[in-house]
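The numbering used here puts the sequence shown at residues 1 to 139. Using N, Cα and C, we set each Cβ at its ideal position, and we do this for glycine too. In what follows, a single structure is set out as structure tokens and then discussed.
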Amino acid sequence: GHGKGRQFRGWPIHPKALDWVQQIPDPSAQAEAVWGVLGIWTAHEPLAVSEWLPTLAPGPVREAAVDRFAETIATLDPVASLAWAVTLTDPAVRAARLETTYRNWSTNDPAAAAALKEIPGLSQADVQQLLTLPASAPK
Numbered sequence: 001g002h003g004k005g006r007q008f009r010g011w012p013i014h015p016k017a018l019d020w021v022q023q024i025p026d027p028s029a030q031a032e033a034v035w036g037v038l039g040i041w042t043a044h045e046p047l048a049v050s051e052w053l054p055t056l057a058p059g060p061v062r063e064a065a066v067d068r069f070a071e072t073i074a075t076l077d078p079v080a081s082l083a084w085a086v087t088l089t090d091p092a093v094r095a096a097r098l099e100t101t102y103r104n105w106s107t108n109d110p111a112a113a114a115a116l117k118e119i120p121g122l123s124q125a126d127v128q129q130l131l132t133l134p135a136s137a138p139k
């Protein structure tokens, strides 16, 4: 329906979805729900999501939200995707997201390597690691 429900920062999809997600008691179920909601929300309102993410307390929900956001915007805005990915706290998740985003970006854009140095929060060790990745094999 097109009711005038309370909109979450202009987000027209499920105004109550995030309220609902934040009431799930089990952290892993909560993180999984956030993953689903964020995929849809980011596709429609990436700017609103980028304003909402900094309001989250550290924890599994923020991790899932940031990882999903970084994944969803990776093809549109790889620089922003990497800048968000560096804020992930789980080293394995962080490394995997940085690597996936950078691989896809560098495959499509020869300037990707040079641009890495400009990304806020990316350490020299991060940059070195990404630059030494083997090129992704053509599918």
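Item: Tell me the rounded alpha-carbon separation between Q22 and V49.; Value: 15 Å
Item: Quick one: what does DSSP say V127 is sitting in, helix, strand or coil?; Value: helix
Item: Near T42, what residues of its chain come up, given a Cβ to Cβ distance below 6 Å and the 5 sequence neighbours on each side ignored?; Value: V49, F69, T72
Item: Excluding the 5 residues flanking A17 on each side, which residues of the same chain have their C-beta closer than 6 Å to its C-beta?; Value: V37
Item: In this structure, how does DSSP classify Q22 when only helix, strand and coil are distinguished?; Value: coil
Item: Shortest alpha-carbon distance to A80 belongs to which of A95, P46, T132?; Value: P46
Item: Can you tell me whether T101 is buried or exposed, with buried defined as 16 or more other CB within 10 angstroms of its CB?; Value: buried
Item: Consult DSSP for V86 and reduce its assignment to one of helix, strand or coil.; Value: coil
Item: Tell me the rounded alpha-carbon separation between V61 and A31.; Value: 5 Å
Item: Select from A83, T87, E51, V93 the residue whose C-alpha is nearest the C-alpha of A115.; Value: A83
Item: Shortest alpha-carbon distance to V86 belongs to which of L130, W52, H44, S28?; Value: L130
Item: Could you give the distance in angstroms between the alpha-carbon of W146 and the alpha-carbon of P25?; Value: Given that the chain is displayed from residue 1 to residue 139, the structure contains no residue 146 and the question cannot be resolved.
Item: Secondary structure at P58, three-state DSSP: helix, strand or coil?; Value: coil
Item: Given P134, which residues of its chain have a CB within under 6 Å of its CB, disregarding the five upstream and five downstream residues?; Value: none
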